[in-house]
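Heads up: the structure comes next, in structure tokens.
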Amino acid sequence: MLKYQKGAVRAVMDMSVFVLLLLSGLVCSTSGLWREYHYINNSMTWSEAQSYCRERFTDLATVDSMNDVNRMMNKVNDGYSRSVWIGLKRWKKGHWLWSMENETLSRFSPWNPGEPTGDGECVFYSHKLWFDFPCASRLSFVCYNKSTGYVRVNSYKNWTGAQSHCRQYHTDLATIRSPDEENQLFSLVEDGSNVWIGLCFDSWHWSDQWTLFRHWAVGYTYQTLASGDCVAMSATDSESGKWVHDICDNQHHFFCHGEDKRVGKQIVRLNLSHDGKYSLNDSSLQTDILNEISERLKSVGLEGYKNIIWRKDEGGELFHFSKRTVNSNKCD
């Protein structure tokens, strides 16, 4: 961004223009990194909630981070202490996935002959081979650090505990995608120890996409065979925001995400004045003006409004210039 353009933005973006935008009812979409959540305080089954969200918004809520969890729980009605549906559900077909970056299993997969056997849905590594194993078992493990490579950790944890440790102190549990990476990891465990790696079988699927972020309550994991194939967030004080399995036909409040399709979009006409030093047809300057509008919206708590765009006419023009007549007569 050029310095002269910043000056130009200040020259054309006075507060009167900003007030014009607000009073004109500017409506913008919320696509991009920021996912907008909508708390629906009507009780429905999981399938009914999914249909409602898809009709009015985008889908039942997908949750990517603890920041998302916290934002959602801040929207739950005071006094509501039951569960709230999110878009996670158990499906008949699952996937072997790497914990790091949500990668699916590649062609390189040196399972021990006969594996996976169904003994468990997490994987340990030993003697250059992979074994499926119950995730609640406690083993040592290998992390991956993007700065230093593989790191062996000799404390004993279940798979999710090992994953949490690796994410806190390194990058994630180890991923092995090639013979070269396998040889690097083997150099740390030549003693034949059984060590967790970052591979697990995930049968849970988001209503609109795959992601490995999970926030299970105590006693619930990827692999818990509890009753219920749908997932809700707890709104109790002790487990606030934690995820539990629930029977899909139970009725709960729920979260949707995406734009409200009932809200229209409006075109706002802007009148800008400037001293002629800068060209309003400069695309970089036009971008800077939109960024300034976004910053001012954010400063008054409207950070959800992100997709503000210019609308050009049929001829591709954005600004139409007009001269303002100045009365040169002076009073005596």
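Its first residue numbered 8, the sequence shown is counted upward by one per residue in the working numbering.
C-beta: ideal position from N, C-alpha, C; glycine also.
Within 9 Å, strictly: CB atoms of residue 168 and residue 106: Taking 9 Å as the Cβ cut-off, residue 168 and residue 106 do not qualify as a contacting pair.
Status (buried if at least 16 other CB within 10 Å, exposed otherwise) for residue 276: Classification of residue 276: exposed, given that the 10 Å Cβ count is below 16.
DSSP state of residue 205 mapped onto helix, strand, coil: Of the three classes helix, strand and coil, the one that applies to residue 205 here is strand, per DSSP.
Nonlocal neighbours in the same chain, by C-beta distance under 6 Å from residue 196, ignoring five residues either side: 202, listed in sequence order.
Rounded C-alpha distance that separates residue 108 from residue 220: Residue 108 and residue 220 have their C-alpha atoms spaced approximately 10 Å apart.
Residue 35 (DSSP reduced to helix, strand or coil): In this predicted model, residue 35 has a pLDDT of only 32, less than 50, meaning its place in the structure is not dependable; the value taken from the coordinates is given anyway. DSSP places residue 35 in coil when its eight states are reduced to three.
Own chain, CB closer than 7 Å to residue 181, minus 5 neighbours either side, in chain order: Cβ contact annotation for residue 181 (same chain, cutoff 7 Å, sequence separation greater than five): 149, 150, 151, 157, 192, 204, 205, in chain order.
Spatial distance of residue 136 from residue 170 (CA atoms): Between the alpha carbons of residue 136 and residue 170 lies a gap of roughly 20 Å.
Spatial neighbours of residue 353 in its chain, beta-carbon cut-off 7 Å, leaving aside the 5 residues before and after: The chain is shown from 8 up to 339; residue 353 falls before or after that span and cannot be answered.
Cα-Cα separation between residue 51 and residue 253, rounded to whole angstroms: Between residue 51 and residue 253, the C-alpha separation is close to 13 Å.
Alpha-carbon spacing of residue 246 relative to residue 53, whole angstroms: Whole-angstrom Cα-Cα distance: 20 Å.
Between the CA atoms of residue 278 and residue 248 - distance to the nearest angstrom: Computed Cα separation, rounded: 47 Å.
With 16 other Cβ atoms within 10 Å as the buried cut-off, status of residue 225: Exposed.
Residue 194 versus residue 94 - alpha carbon distance: Their Cα atoms are separated by approximately 41 Å.
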